[in-house]
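Colleague: For the sequence shown, the numbering used here assigns the number 962 to the initial residue and increments by one for each residue that follows.
Ideal Cβ positions, reconstructed from N, Cα and C, are used throughout, including at glycine.
Input: one structure, supplied below.
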Amino acid sequence: MADVTQKSSKPALLAGLLLFIVFETVAFYGLQYLTSGLGESNQYQAENTIVSNWVKTMVFFVAHLALVIVAMLILSNRLPRRYRGQVMGWFYLALVMSFVLIIPLFG
């Protein structure tokens, strides 16, 4: 029996985009709260070093990566087969968003 993959419909892609935006927003604000005690608020001080901000960045990256991997594993097991084709695309976009979200984290 041949396994034929179907393309996701426009409403399914729109729902995936909406859920992706909600996931990234919740993840960002949750991780921002988690890492709020790390790093320097004023990065332009004479005694400031890169170490404390580096720790905040790495904690954010690792925690975001863990959230994304857990979400991908859960979704790939729970979604119906016709929607599973979207999961890897959103996963790769979430990896790129890890780097983009660093900008507002220190802003």
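Are the beta-carbon atoms belonging to Q1047 and S969 less than 8 Å from one another?
Modeller: As a working mapping, residue 1047 is identified with position 86 in the sequence shown. As a working mapping, residue 969 is identified with position 8 in the sequence shown. Going by C-beta atoms, Q1047 is nearer than 8 Å to S969.
Colleague: Between T996 and I1063, which are expected to be in contact by the criterion C-beta below 8 Å, what is the C-beta distance as a whole number of angstroms?
Modeller: Numbered from its first residue, the sequence shown carries residue 996 at position 35. Numbered from its first residue, the sequence shown carries residue 1063 at position 102. That belief does not hold up - the Cβ atoms of T996 and I1063 are roughly 11 Å apart, past 8 Å.
Colleague: Mind checking whether A976 and L1028 have CB atoms under 8 Å apart?
Modeller: As a first step, residue 976 is located in the sequence shown; it is residue number 15 there, counting from the start. As a first step, residue 1028 is located in the sequence shown; it is residue number 67 there, counting from the start. No, they are not a contact pair.
Colleague: Can you look up S997 in the DSSP assignment and give me helix, strand or coil?
Modeller: Here the question's residue 997 lines up with position 36 in the sequence shown. Correct three-state label for S997: coil.
Colleague: What residue from L992, L1026, T986 has the CA that sits closest to Y1053's CA?
Modeller: As a position in the sequence shown, residue 1053 is number 92, starting the count at 1. Of L992, L1026, T986, the residue nearest in Cα terms is L1026.
Colleague: Under 7 Å Cβ to Cβ from R1045, same chain only, skipping five residues before and after it: list those, please.
Modeller: Residue mapping note: residue 1045 aligns to position 84 of the sequence shown, counting from 1. Closer than 7 Å at Cβ, skipping near neighbours: S1037.
Colleague: How is S1037 classed by DSSP in three states: helix, strand or coil?
Modeller: As a first step, residue 1037 is located in the sequence shown; it is residue number 76 there, counting from the start. Three-state result, S1037: helix.
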